[in-house]
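**Student:** Using the numbering used here, read the sequence shown as starting at 8 and increasing by one per residue. One structure, pasted below without further comment.
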Amino acid sequence: VRENRPPEMTNFQVGIQHELGFGTVIDAAFVATRGKNLPQMRNINTIPQGARFLAANEDPTRPGNALPDNFFRPFTGYGNIMQVINNGPSEYNALQVAVNRRYTGGLEFTVAYTYSVAKDYTSADILYGNRSFIPYYQDPATYAYGLADFDRPHNLVLSYNWDIPEPASGVAAAIFGGWNLSGITTFASGTPAGVGFSTTDGMDILGGGDQMRR
Numbered sequence: 008v009r010e011n012r013p014p015e016m017t018n019f020q021v022g023i024q025h026e027l028g029f030g031t032v033i034d035a036a037f038v039a040t041r042g043k044n045l046p047q048m049r050n051i052n053t054i055p056q057g058a059r060f061l062a063a064n065e066d067p068t069r070p071g072n073a074l075p076d077n078f079f080r081p082f083t084g085y086g087n088i089m090q091v092i093n094n095g096p097s098e099y100n101a102l103q104v105a106v107n108r109r110y111t112g113g114l115e116f117t118v119a120y121t122y123s124v125a126k127d128y129t130s131a132d133i134l135y136g137n138r139s140f141i142p143y144y145q146d147p148a149t150y151a152y153g154l155a156d157f158d159r160p161h162n163l164v165l166s167y168n169w170d171i172p173e174p175a176s177g178v179a180a181a182i183f184g185g186w187n188l189s190g191i192t193t194f195a196s197g198t199p200a201g202v203g204f205s206t207t208d209g210m211d212i213l214g215g216g217d218q219m220r221r
């Protein structure tokens with residue numbers, strides 16, 4: 008059964024390098040990862056969408072209201088039944104470019120930029136709760152596949168080390184001589200923002216079924 012296969016991860020990379028002169032080299036690479044059979048969680052006792060609106064499921068003691076869900080779940084009388092299955096895919100694609108200058112004339116630096124996209128069904132661990140659920144009735148490939156929680160499309164990292172030139176002589180040389188400026192600076196775009204909606208009166212819109220798409 009496909010859902011019981013062990014998880015798999017495949018990584019591959021191809022790149023080129025070119026010397027620009029002045030002790031500087033540029034690297035460019037395409038990096039990718041593919042995942043398959045990743046653990047996911049689903050509730051196999053989810054009531055069908057619209058089940059609470061059916062006349063057969065109406066509570067005779069409260070006209071216009073449905074009976075408790077456990078009366079008409081697929082496995083009647085039981086609550087949520089969580090099942091872990093190995094059917095989740097993932098993919099990561101990235102273009103990585105770096106410019107490196109070796110230590111020459113008191114200066115060295117690296118400028119690295121990555122443009123990437125990461126996608127999956129659910130990014131959270133299966134122990135983290137609702138965020139790790141996949142739909143039971145809907146096709147997860149169209150209903151749940153999208154940007155991963157950790158997707159950050161733009162990443163820029165600057166690292167540098169500069170020996171500050173010393174004054175020629177005198178008091179200034181004694182005070183400002185021998186100084187060095189170094190550091191690492193990072194700029195990164197944010198992670199995807201979740202979008203949802205709710206009603207002021209808590210109205211049941213779906214009448215059951217899978218959780219709303221995120």
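Note that CB positions come from ideal geometry on N, CA and C, so glycine has one too. Bear in mind that the values here come from a model prediction, so they are computed numbers and not experimental data.
Output the distance between the C-alpha atoms of S205 and N44, rounded to the nearest integer angstrom.
**Tutor:** Taking the straight line joining both Cα atoms gives about 33 Å.
**Student:** T198: which of D217, L102, D158, Y150 sits nearest, CA to CA?
**Tutor:** Closest option to T198, Cα to Cα, is D158.
**Student:** Take E98 as the anchor and find which of N18, G57, G113 has the nearest alpha-carbon.
**Tutor:** Of N18, G57, G113, the residue nearest in Cα terms is N18.
**Student:** Do R108 and L102 have their C-beta atoms within less than 8 Å of each other?
**Tutor:** Contact: no.
**Student:** Does the beta-carbon distance from A105 to Y128 come in below 8 Å?
**Tutor:** No, the pair does not count as a contact, with Cβ atoms beyond the cut-off.
**Student:** So does the region 115-122 actually touch the region 158-178, counting three or more Cβ pairs closer than 8 Å?
**Tutor:** Touching, per the Cβ criterion.
**Student:** Can you list, in chain order, the residues of its chain whose CB lies under 7 Å from that of W186, leaving out five sequence neighbours each side?
**Tutor:** Taken in chain order, the residues that qualify are I171.
**Student:** Answer with buried or exposed for G147, where buried requires no fewer than 16 other C-beta atoms within 10 angstroms of its C-beta.
**Tutor:** Before going further, note that residue 147 is Pro rather than Gly in the sequence given. Buried.
**Student:** Give me the DSSP bridge partner(s) of V21.
**Tutor:** V21 pairs with F37.
**Student:** Could you please give the first and the last residue of the uninterrupted beta strand (DSSP E) stretch that includes Y167?
**Tutor:** Per DSSP, Y167 belongs to the beta strand (DSSP E) from 161-170.
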